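As structure tokens, the structure follows; a few thoughts come after it.
Protein chains: 2
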Amino acid sequence: MARPREFDESAAVESAMHAFWAHGYEATSTQDLCDATGLGRSSVYNTFTSKKALFERSLTHYTDSQLTARQALLEGPGTAAERLTALLTTTIDSELERNRRGCLVVNTLAELGMPDDGIGAALRSDTERNLAMLTECAREGVLDGSLRSGRDPADVAQFVLNTVTGLKVMSRRDTSREAMYAVADLALSAVVA
Amino acid sequence: MARPREFDESAAVESAMHAFWAHGYEATSTQDLCDATGLGRSSVYNTFTSKKALFERSLTHYTDSQLTARQALLEGPGTAAERLTALLTTTIDSELERNRRGCLVVNTLAELGMPDDGIGAALRSDTERNLAMLTECAREGVLDGSLRSGRDPADVAQFVLNTVTGLKVMSRRDTSREAMYAVADLALSAVVA
DNA sequence: CGCGTTTTGTACTGACCGATCCACAACCAA
DNA sequence: TTGGTTGTGGATCGGTCAGTACAAAACGCG
Numbered sequence: 044m045a046r047p048r049e050f051d052e053s054a055a056v057e058s059a060m061h062a063f064w065a066h067g068y069e070a071t072s073t074q075d076l077c078d079a080t081g082l083g084r085s086s087v088y089n090t091f092t093s094k095k096a097l098f099e100r101s102l103t104h105y106t107d108s109q110l111t112a113r114q115a116l117l118e119g120p121g122t123a124a125e126r127l128t129a130l131l132t133t134t135i136d137s138e139l140e141r142n143r144r145g146c147l148v149v150n151t152l153a154e155l156g157m158p159d160d161g162i163g164a165a166l167r168s169d170t171e172r173n174l175a176m177l178t179e180c181a182r183e184g185v186l187d188g189s190l191r192s193g194r195d196p197a198d199v200a201q202f203v204l205n206t207v208t209g210l211k212v213m214s215r216r217d218t219s220r221e222a223m224y225a226v227a228d229l230a231l232s233a234v235v236a
Numbered sequence: 044m045a046r047p048r049e050f051d052e053s054a055a056v057e058s059a060m061h062a063f064w065a066h067g068y069e070a071t072s073t074q075d076l077c078d079a080t081g082l083g084r085s086s087v088y089n090t091f092t093s094k095k096a097l098f099e100r101s102l103t104h105y106t107d108s109q110l111t112a113r114q115a116l117l118e119g120p121g122t123a124a125e126r127l128t129a130l131l132t133t134t135i136d137s138e139l140e141r142n143r144r145g146c147l148v149v150n151t152l153a154e155l156g157m158p159d160d161g162i163g164a165a166l167r168s169d170t171e172r173n174l175a176m177l178t179e180c181a182r183e184g185v186l187d188g189s190l191r192s193g194r195d196p197a198d199v200a201q202f203v204l205n206t207v208t209g210l211k212v213m214s215r216r217d218t219s220r221e222a223m224y225a226v227a228d229l230a231l232s233a234v235v236a
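Protein sequence lines, in the order shown, are assigned to chains A and B. Residue numbering for the first sequence is 44 to 236, as defined by the numbering used here. Residue numbering for the second sequence is 44 to 236, as defined by the numbering used here.
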């Protein structure tokens, strides 16, 4: 029983996410967010409270969508080795499609570290969920025989996450696609049977 | 035949570097730089022209000192495998000593990408020099038999750089020392003979 | 001692920052 | 239609931003 919204809230979050993604947290002004979302200042603050809160929304939106895509891949068909291979190749490909903007999570980690607030909590949660998925995949790899045994699955998960994280930074360097594939290949050689 | 400086220029660069390192480029204000260096605004601008120019000085100071230390290690005694092992362990140790501030190069890459200016040039130069050193080390490793053969030394270099870069981001996560060592161990297992 | 030159401290610039205020618009229920 | 409630646009808030202007200060040199 009041005036309805004139915009789609989740679409606004999506737009804000791209603005933060492209320029980082500090370098994105509230005016940039208004421009990106098409909203007036009042609507932005009325809906999202503050720049930081909107960033947190954007970040969790990013991690959630990224995580579901990754989950579909890691819990999909094929051997664990095949799924890890697919994870690395799609990481490289999508990273290059993004015009070397890198990854919002990694960029945020580098820019803000682990703040003692919702942003840090979102980063922590993302890390844990990724590690959980990768650990499970590593465990399955030992069972299906596609991955080397003798390693703690949690360590394998950390290693894969480290490689993926590294690739997301390497994409911001000038690193060529071929070099990135070579990195992925070498990393896989450490874990596949 | 004029009024002499009242401060040490390179000491000021060192202080500015730590300020940028701790908070990133955007989040470090010119006032922060004055506080960190102990200089007045006039002295800062008279000596370093602009915030960006001072950042560039700070960044090259960082890369130069980091590179000489790394060079001493990679071109030092021992087999190539031993030197690469030492590189990874000292990377982890020094990264943890820094209170998880991460690496200025990686943080800058994530925050600013590869700008088309002196900063981008400094980042590019640092990458190339690191890859050159690592490539040479990988080549030597094939000769001294400590590293697996059959891989392009340039690819091995990219892989090691990727691992190191990843670890520098992982240090900004909550990643434990043990997990980081496990990552290093797995990475080494891919390249050592 | 002054004179030329550079550094330094301080005040200041216009622009922009994140955030708020408020009048008005738009809707629903009564 | 009217009253209650929420959304919106635009002006505006105090504060900070990077950078500058300028005069006093500190030296080397004659």
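A virtual CB, placed ideally from N, CA and C, is assigned to each residue, including glycine. In this text, all values refer to a predicted model and were calculated from it rather than measured experimentally.
Sub-9 Å separation of residue i and residue j beta-carbons
i, j, result
"R215 of chain A", "G145 of chain A", "yes"
"T122 of chain A", "D187 of chain A", "yes"
"E138 of chain B", "E154 of chain A", "no"
"V148 of chain B", "T106 of chain B", "yes"
"R113 of chain A", "L130 of chain A", "yes"
"T90 of chain A", "R48 of chain A", "yes"
"M213 of chain B", "L102 of chain A", "no"
"D198 of chain B", "L231 of chain A", "no"
"D217 of chain A", "T206 of chain B", "no"
"T71 of chain A", "R84 of chain A", "no"
"T80 of chain A", "A59 of chain A", "yes"
"R220 of chain B", "I135 of chain B", "yes"
"D159 of chain A", "K95 of chain A", "no"
"G209 of chain B", "G209 of chain A", "yes"
"A222 of chain A", "A233 of chain B", "no"
Neighbouring residues, chain B, relative to residue i (Cβ below 7 Å)
i, result
"M213 of chain A", "N205 and T208"
"V87 of chain A", "Going along chain B, no residue has its Cβ under 7 Å from V87 of chain A, so there is no contact; the nearest lies around 20 Å."
"L237 of chain A", "Outside the modelled stretch of chain A, which goes from 44 to 236, sits residue 237 of chain A, for which no answer is possible."
Chain A contact residues for residue i, given Cβ-Cβ distances below 9 Å
i, result
"R143 of chain B", "G156 and M157"
"G161 of chain B", "By Cβ distance, chain A contributes nothing, its closest Cβ being about 16 Å from G161 of chain B, past 9 Å."
"A112 of chain B", "By Cβ distance, chain A contributes nothing, its closest Cβ being about 21 Å from A112 of chain B, past 9 Å."
Chain-ordered chain B contacts of residue i [CB-CB under 8 Å]
i, result
"V226 of chain A", "D198, Q201, F202 and N205"
"A181 of chain A", "What A181 of chain A touches in chain B: nothing, since even the nearest Cβ is about 11 Å away."
"A62 of chain A", "Under the 8 Å cutoff, chain B gives no residues; its nearest Cβ is about 14 Å from A62 of chain A."
"A222 of chain A", "A197, D198 and Q201"
"V149 of chain A", "A153 and V212"
Residues of its chain near residue i, where Cβ-Cβ distance is below 6 Å and the 5 sequence neighbours each way are ignored
i, result
"P196 of chain B", "T178, A181 and R182"
"V185 of chain A", "S192"
"A227 of chain B", "L131"
Own chain, CB closer than 7 Å to residue i, minus 5 neighbours either side, in chain order
i, result
"Y68 of chain A", "F98, T151, E154 and L155"
"L82 of chain B", "F50 and A55"
"E52 of chain A", "T90"
"R172 of chain B", "L110"
Residues of its chain near residue i, where Cβ-Cβ distance is below 8 Å and the 5 sequence neighbours each way are ignored
i, result
"A165 of chain B", "E99, L102, T103 and T106"
"S189 of chain A", "T122, A123, A124, E125, V235 and A236"
"T133 of chain B", "L116"
"C77 of chain B", "G83, R84 and V87"
"H66 of chain A", "D75"
"H61 of chain B", "A79"
"M157 of chain B", "G163, L166 and R167"
"Y224 of chain A", "T132 and I135"
Cβ neighbour criterion (16 or more within 10 Å) applied to residue i
i, result
"G119 of chain A", "exposed"
"S201 of chain B", "The sequence given here has Gln at residue 201 of chain B, not Ser. Buried, because 16 or more other Cβ atoms sit within 10 Å of the Cβ of Q201 of chain B."
"M44 of chain A", "exposed"
"R167 of chain B", "exposed"
"A175 of chain A", "exposed"
Chain A contact residues for residue i, given Cβ-Cβ distances below 7 Å
i, result
"D217 of chain B", "M157 and R167"
"T170 of chain B", "R216"
"L152 of chain B", "V212, R215 and R216"
Contact set between residue i and chain A, taken where Cβ atoms lie within less than 8 Å
i, result
"A233 of chain B", "L229, A230, S232 and A233"
Per-residue contacts from residue i into chain B (C-beta, under 9 Å)
i, result
"A70 of chain A", "Y68, E69, E154 and L155"
"R126 of chain A", "Result: empty, since nearest Cβ-Cβ is about 18 Å, beyond 9 Å."
"R100 of chain A", "Per Cβ cutoff of 9 Å: no residues; R100 of chain A is ~21 Å from chain B at best."
**Message:** Report the start-end ranges of each beta strand (DSSP E) in the segment 52-87 of chain B that is 3 residues or longer and not cut off at the edges.
**Reply:** none
**Item:** Segments assigned alpha helix (DSSP H), at least 4 residues, entirely inside the segment 88-162 of chain B
**Value:** 94-117, 123-140 and 147-155
**Request:** Identify every run of the alpha helix (DSSP H) within the segment 192-236 of chain B, keeping only runs that are complete inside it and at least 4 residues long; order them along the chain.
**Result:** For secondary structure counted as the alpha helix (DSSP H) over 4 or more consecutive residues, the segment 192-236 of chain B holds these complete runs in sequence order: 196-213 and 220-232.
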